Every structure is written in C-alpha cells, then in structure tokens.
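**Q**
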Amino acid sequence: MDTDKTPPPIEEDYAAVERRGQPLVSLEDSPQVSISVMTPPPPVLLAEPFSKPSEPLEGFPEDITPPENFAMVCPYIYRSGMPKKRHFGFLRRLRLRSILTLILEEYPVQSQKFLEHEGIRLFQFGVAGNKEPFADIPENIMTEALCVLMDRRNHPILIHCNKGKHRTGCLVGCLRKLQEWSNTSIFDEYRRYSAPKSRSMDQQFIELFDVRPVLDQIDPENVPDWPTTLYPLQGHAEQ
Numbered sequence: 001m002d003t004d005k006t007p008p009p010i011e012e013d014y015a016a017v018e019r020r021g022q023p024l025v026s027l028e029d030s031p032q033v034s035i036s037v038m039t040p041p042p043p044v045l046l047a048e049p050f051s052k053p054s055e056p057l058e059g060f061p062e063d064i065t066p067p068e069n070f071a072m073v074c075p076y077i078y079r080s081g082m083p084k085k086r087h088f089g090f091l092r093r094l095r096l097r098s099i100l101t102l103i104l105e106e107y108p109v110q111s112q113k114f115l116e117h118e119g120i121r122l123f124q125f126g127v128a129g130n131k132e133p134f135a136d137i138p139e140n141i142m143t144e145a146l147c148v149l150m151d152r153r154n155h156p157i158l159i160h161c162n163k164g165k166h167r168t169g170c171l172v173g174c175l176r177k178l179q180e181w182s183n184t185s186i187f188d189e190y191r192r193y194s195a196p197k198s199r200s201m202d203q204q205f206i207e208l209f210d211v212r213p214v215l216d217q218i219d220p221e222n223v224p225d226w227p228t229t230l231y232p233l234q235g236h237a238e239q
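If you count the sequence shown from 1, position 68 lands on 68 in the working numbering, and the numbers rise without skipping.
Written out as structure tokens, the structure is:
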C-alpha cells in the first residue's frame with residue numbers, strides 16, 4: 001500500500017485557474033488564510049476655478065510683479081504702494097472688487113482705465129503725503145476709510161498710498177485696533193513697513209485713535225468674519 005500522502009502536482013498553471021474563476025487557495029482547507037481584494041481608489045476630481053480669467057486688456061502686460069510693499073493684511077485685504085502699469089497683471093490675479101487709495105492727487109488715467117476694465121471700484125480718501133509727521137490727518141477720513149474696510153461687500157480690497165508706508169501704515173494700524181491687537185504688535189507691524197523712516201507721530205495717532213465712531217457706523221451684518229473683530233462689536237452693542 002502506497003503510504004505517500006504527498007498531493008499530486010498541480011497540472012494547471014495559475015493563469016488557467018484564474019481564467020476559470022477558481023480561488024488559488026481553498027478557504028475550507030486553510031481557514032487561517034484570508035484573501036484581501038484590493039479595490040482601486042476612486043478617481044480624483046479637480047475642482048473648477050471659482051471664476052474664469054477675464055480677457056486681457058490690450059496694451060497692458062500680463063506680468064505677475066507685485067507692487068512695492070505688497071502684503072496681505074488679513075483675508076481679502078491687501079496693502080501696497082501705488083500700483084503701476086507693470087503691476088496690473090498681478091492685480092488681476094487678486095480678483096479685486098475694490099481699491100482704497102490714500103493719495104491726494106488725481107488717480108492716474110491709465111490706472112482708471114484698468115479699474116474700469118476689471119470692474120474694480122475706487123475709494124479715494126485723499127491725505128497729503130509729505131515729509132512732515134503724519135499727525136494732522138482728519139479722524140473722520142480715517143473713520144470713513146475703516147468703514148469701507150469693515151464692509152465685506154467691498155472685498156477683496158487693496159489699500160495703497162504712494163509707497164505703502166506711512167499713510168497705509170496708519171490705516172492698517174487703526175484697523176488692527178478694531179481687531180484688538182496690542183499696541184506693541186501694531187507698532188511692530190507699522191515699523192516693519194515704514195522702515196527706515198518710522199514716525200513717532202504716526203504711532204501716536206494710531207494709539208489715540210478712537211474706534212467708537214467706526215463701530216457706530218458699520219453694519220454688523222456685513223462685518224468680515226474675523227473672530228477678533230466680533231468682540232469689540234459685541235462689547236460696543238452692550239454699552
């Protein structure tokens with residue numbers, strides 16, 4: 001009697017077994033063996049852009065050079081020096097809804113044409129830019145400018161003066177007061193952009209600026225969704 005219990009050789013190759021749809025391992029004979037079926041991952045769908053690029057304006061370059069002293073202040077608010085023709089391509093990519101300028105002079109014709117083509121609204125709060133300390137700025141102008149910034153219907157928005165230093169720095173500093181920044185943080189930011197000619201009178205103006213008239217005029221329903229800004233609004237409403 002043949003006592004050899006060695007199983008007969010498998011005559012079929014793996015390809016033949018797979019073609020018949022039979023498993024290569026019997027689950028009943030080998031319960032400790034498990035078979036994992038790898039399911040391919042679903043295809044990745046790329047999101048469509050929120051809006052399509054507008055048609056290029058003839059005579060204007062498609063460059064991506066930012067203006068001098070450009071930076072993001074907070075979501076949907078930017079700051080810079082005076083944009084020039086070579087910066088228009090960069091501005092188009094920001095999808096600006098508004099520009100708030102602090103220059104006193106008439107806005108350049110070429111820039112006006114660019115804003116008209118892009119459908120950008122211009123807010124102009126003229127403040128004299130000179131080498132004297134920035135101390136005699138009318139507070140009502142600052143209040144009106146802040147009300148524009150605090151209305152999200154005007155966003156995205158760019159703030160600028162000629163160099164993006166002192167006048168822009170004062171406006172941003174007062175905005176930081178509405179966002180409940182400490183004076184130390186406000187002045188650090190101001191000096192970062194106004195260097196090497198920071199002005200002590202600018203910082204004094206920011207420190208003494210009263211934000212209550214701004215809180216009286218802004219519409220709470222259109223205030224940007226900045227958590228730190230909601231606290232002074234709530235506190236003001238309770239007074």
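All C-beta atoms in this analysis are idealised placements derived from N, C-alpha and C, irrespective of residue type, glycine included. Being a predicted model, the structure only gives us computed values, none of them experimental.
Using the C-alpha atoms, what's the distance from residue 82 back to residue 147?
**A** Counting from 1 along the sequence shown, the entry for residue 147 is found at position 147. Counting from 1 along the sequence shown, the entry for residue 82 is found at position 82. Cα to Cα, the separation comes out at about 21 Å.
**Q** Do residue 161 and residue 202 come within 8 Å of each other at the CB atom, strictly closer than that value?
**A** The residue given as residue 202 occupies position 202 in the sequence shown. The residue given as residue 161 occupies position 161 in the sequence shown. It is not a contact, given that the beta carbons lie outside the stated cut-off.
**Q** When the Cβ atoms of the region 168 to 183 are set against those of the region 204 to 221, are three or more pairs found closer than 8 Å?
**A** As far as the Cβ criterion goes, the region 168 to 183 touches the region 204 to 221, which means the pair count is three or higher.
**Q** Give the list of continuous alpha helix (DSSP H) stretches no shorter than 4 residues that lie fully inside the region 93 to 175.
**A** List check, alpha helix (DSSP H) in window: 109 to 118, 139 to 149.
**Q** Could you tell me if the beta carbon of residue 113 falls within a distance shorter than 7 Å of some heavy atom in the ligand SAH?
**A** Looking for the ligand SAH in the displayed structure turns up nothing, as the structure carries no ligands at all.
**Q** Give the single residue among 194, 219, 217, 211 whose Cα lies nearest to the Cα of residue 79.
**A** What you label residue 79 is simply residue 79 of the sequence shown in a count that begins at 1. Of 194, 219, 217, 211, the residue nearest in Cα terms is 194.
**Q** To the nearest angstrom, report how far apart residue 74 and residue 119 are at their CA atoms.
**A** For this step, residue 74 is matched to residue 74 along the sequence shown. For this step, residue 119 is matched to residue 119 along the sequence shown. Between residue 74 and residue 119, the C-alpha separation is close to 22 Å.
**Q** Using beta-carbon positions only, say whether residue 125 and residue 149 come within less than 8 Å of one another.
**A** The residue you call residue 125 lines up with position 125 of the sequence shown. The residue you call residue 149 lines up with position 149 of the sequence shown. In this structure, residue 149 does not lie closer than 8 Å to residue 125 by Cβ.
**Q** Can you round the beta-carbon distance between residue 200 and residue 190 to whole angstroms, since I take them to be within the 8 Å contact cut?
**A** Sequence index remark: in the sequence shown, residue 200 carries index 200 (1-based). Sequence index remark: in the sequence shown, residue 190 carries index 190 (1-based). That pair is no contact at about 11 Å.
**Q** Exposed or buried, what is residue 127 when buried is set at 16 or more other beta-carbons lying within 10 Å of its beta-carbon?
**A** Numbered from its first residue, the sequence shown carries residue 127 at position 127. Residue 127 comes out buried.
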